[in-house]
Each structure stands twice: as C-alpha cells, then as structure tokens.
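Heads up, the thing below is written out as structure tokens.
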Amino acid sequence: MAFGLGRLRWTPDAFWAASPREVIAATEAYRPPQAGEPPSRMRLDELMRAHPDPVSHDDAWKGRSDG
0 MAFGLGRLRW TPDAFWAASP REVIAATEAY RPPQAGEPPS RMRLDELMRA HPDPVSHDDA
60 WKGRSDG
C-alpha cells in the first residue's frame, strides 16, 4: 500500500481499484534487472584458467604454519 500510494503516487481510489496483476505490473519497473544464472563450476574453472590472478610477494606467507 505504501508503495502504491507513495512511490507510484496513486490515489487511494486508484490503488484499491487496481487488481493484484496491475499492482505487480506497475511495480516491475522498479525491480532491479535480473543478472541471470551464475556460471557453472566448469565455466568458472575455464575462466580462472584463462584469467589467473597475478601472484604477489605478499602471497608467500600463505600456507605457513607460523604465519
């Protein structure tokens, strides 16, 4: 109700006369775009092989038991 009256600036009469389908259609414009499906594990592995992270000198401590 707050969205219909506040954001959409519908009058109370217009809001209460609207069907649920009309309310949903009106709110669709305010939804963030869908990003789609995340990449599969196989695709992610392919991308990681094609674009490896650069190795830095700070990575030398990783895996050490004293650090």
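If you're matching positions, the sequence shown starts at 0 in numbering that gives the first Met the number 0 and goes up one per residue.
A virtual CB, placed ideally from N, CA and C, is assigned to each residue, including glycine.
Cβ-Cβ distances below 6 Å link Gly3 to Trp9, Phe14 in the same chain, with the five nearest sequence neighbours on each side left out; the list follows chain order.
Here the alpha carbons of Met0 and Pro51 stand approximately 49 Å from one another.
Under the three-state reduction of DSSP, Trp9 is assigned to coil, being neither helix nor strand. Annotated as distal: Leu46 and Pro37, with beta-carbon spacing of 8 Å or more. When DSSP states are grouped into helix, strand and coil, Ala34 belongs to the coil group.
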